[in-house]
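Everything below concerns the one structure shown next.
2 protein chains.
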Amino acid sequence: MTATKTEGFATETLELAAVMKALGHPARVAIMQLLIERQACVCGSIVDALPLSQATVSQHLAALKEAGLIQGNIDGPKVCYCIDQTNWQKARDMVKQFWDTNTCCSSPC
Amino acid sequence: MTATKTEGFATETLELAAVMKALGHPARVAIMQLLIERQACVCGSIVDALPLSQATVSQHLAALKEAGLIQGNIDGPKVCYCIDQTNWQKARDMVKQFWDTNTCCSSPC
DNA sequence: TTCCTTTATCGTATAATTGCGATATAATTG
DNA sequence: CAATTATATCGCAATTATACGATAAAGGAA
Chain D
482 MTATKTEGFA TETLELAAVM KALGHPARVA IMQLLIERQA CVCGSIVDAL
532 PLSQATVSQH LAALKEAGLI QGNIDGPKVC YCIDQTNWQK ARDMVKQFWD
582 TNTCCSSPC
Chain S
482 MTATKTEGFA TETLELAAVM KALGHPARVA IMQLLIERQA CVCGSIVDAL
532 PLSQATVSQH LAALKEAGLI QGNIDGPKVC YCIDQTNWQK ARDMVKQFWD
582 TNTCCSSPC
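Going down the list, the sequences are from chains D and S.
Using my numbering, read the first sequence as starting at 482 and increasing by one per residue.
Using my numbering, read the second sequence as starting at 482 and increasing by one per residue.
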């Protein structure tokens, strides 16, 4: 111990948790909001938009890339980031199903 | 340092990240899935359904409660948990807006 | 080539998370 | 009251996350 235990959980559960975890930090949410708004964005502009150092932003970008939510394309000395549409829609579907499978309305306890 | 920096982020960003973080663990996703399916559930049943110890499950329940996503009602010696409908719908709306404000379709990088 | 710009990675310090046994707390039962 | 059941909390160890300065790597410009 003590890393997160994964045995005994459904694949669907693990995948959803992984997406949520990747988005469970203000910097990473802000990066996604920026990429949604601007479609694509060079790393330096992302750094400028966040209240964190270049090194820290680079780490968060790596985390989002590792989770498959964004892509980075090298453009000369710069790197242009954008949303990975395929995985982003996949995540959207998972999240949608999670919230829409609804208990609906009553608070039974 | 080094706790998460919160200054310089929009309230909306912080709130969304907080929800995502609360759901960023397989056990907590599994608990929510269980509560969605069964409407309400006694703590002991949740413990039985997860591959974790009673102490650990209790911690995860406390985290979800702290995030406002669930409520616990004392029922004799037992505690009955259910989803906090108000905050759950609020979270749903935030998430919906996040994913639906869409870049749509093209991968520009 | 040398210098500058841009980004990633390294090293490190600190904090938070995860997990569980042990124990405390509270209600119920006999 | 004593014993049992059900949860929460404590204490601890191990792991992971966060943040940033310093440095490396890679490309473009002079």
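Note that CB positions come from ideal geometry on N, CA and C, so glycine has one too.
Legend entry - 7 Å Cβ cutoff, residue 492/S in contact with chain D: As a working note, residue 492/S is residue 11 in the second sequence. Judged by the 7 Å Cβ criterion, residue 492/S is not in contact with chain D.
Legend entry - Cβ-based neighbour list, residue 527/S, same chain, cut-off 8 Å, excluding 5 preceding and 5 following: As a working mapping, residue 527/S is identified with position 46 in the second sequence. So the list reads 512, 515, 538, 542 and 562, once near-sequence residues are dropped.
Inset, instruction - Using beta-carbon positions only, say whether residue 497/S and residue 501/D come within less than 7 Å of one another. - result: Translated into the one-based positions of the second sequence, residue 497/S becomes position 16. Translated into the one-based positions of the first sequence, residue 501/D becomes position 20. Cβ atoms of residue 497/S and residue 501/D: not closer than 7 Å.
Inset, instruction - Give the range of the beta strand (DSSP E) segment to which residue 553/S is assigned. - result: Taking the second sequence and counting its residues from 1, one reaches residue 553/S at position 72. It spans 551-556 - the beta strand (DSSP E) in which residue 553/S sits, taken as one unbroken run.
Legend entry - Presumed contact (8 Å Cβ cut-off) between residue 485/D and residue 532/S, rounded CB distance: Sequence index remark: in the first sequence, residue 485/D carries index 4 (1-based). Sequence index remark: in the second sequence, residue 532/S carries index 51 (1-based). 12 Å between Cβ atoms; not a contact.
Inset, instruction - Could you name the residues of the same chain whose beta carbon sits closer than 8 Å to that of residue 559/S, not counting the 5 residues immediately before and after it, in chain order? - result: Here residue 559/S refers to the residue found at position 78 of the second sequence. Hits under 8 Å: 523, 524 and 525.
Inset, instruction - Determine the extent of the beta strand (DSSP E) in which residue 559/D is found, giving its start and end residues. - result: Position 78 of the first sequence, counting from 1, holds the residue named residue 559/D. Its beta strand (DSSP E) spans residues 559-564.
Inset, instruction - Count the other CB atoms, across all protein chains shown, that sit within 10 Å of the CB of residue 578/S; report buried if there are 16 or more and exposed otherwise. - result: In the second sequence, residue 578/S corresponds to position 97, counting from 1. Exposed, since its Cβ has fewer than 16 Cβ neighbours within 10 Å.
Legend entry - DSSP three-state assignment for residue 544/S, whether helix, strand or coil: As a first step, residue 544/S is located in the second sequence; it is residue number 63 there, counting from the start. Note: residue 544/S maps to helix in three-state DSSP.
Inset, instruction - Please name the residue in 530/S, 487/S, 535/S and 493/S whose C-alpha comes closest to that of residue 572/S. - result: Counting from one through the second sequence, the residue named residue 572/S turns up at place 91. Cα-wise, what sits closest to residue 572/S is 493/S.
Legend entry - Proximity winner among 556/S, 553/S and 517/S, relative to residue 570/S (alpha-carbon distances): As a working mapping, residue 570/S is identified with position 89 in the second sequence. Among 556/S, 553/S and 517/S, the Cα nearest to that of residue 570/S belongs to 517/S.
Inset, instruction - Please list the partners that residue 576/S has in chain D, where partner means a Cβ-to-Cβ separation under 8 Å. - result: Residue numbering aside, residue 576/S sits at position 95 when the second sequence is read from its first letter. Here the neighbours are 576 and 580.
Inset, instruction - Could you list the residues in the stretch 504-529 of chain S with a C-beta less than 7 Å from some C-beta on chain D, going in chain order? - result: 504, 505, 506, 507, 510, 511, 514, 517, 520 and 521
Legend entry - Opposing strand residues paired with residue 522/S [DSSP bridges]: Position 41 of the second sequence, counted from the start, is the residue given in the question as residue 522/S. BP columns for residue 522/S point to 562/S.
Inset, instruction - Enumerate in chain order the residues of its own chain whose CB-to-CB distance from residue 565/S is below 7 Å, with the five nearest sequence positions on each side excluded. - result: On the second sequence, position 84 is the one that residue 565/S refers to. Cβ neighbours of residue 565/S beyond the five flanking positions: 549, 550, 551 and 552.
Inset, instruction - Examine chain D for any beta-carbon lying closer than 7 Å to the beta-carbon of residue 546/S, and answer yes or no. - result: Counting from one through the second sequence, the residue named residue 546/S turns up at place 65. No, its Cβ sits nowhere closer than 7 Å to a Cβ of chain D.
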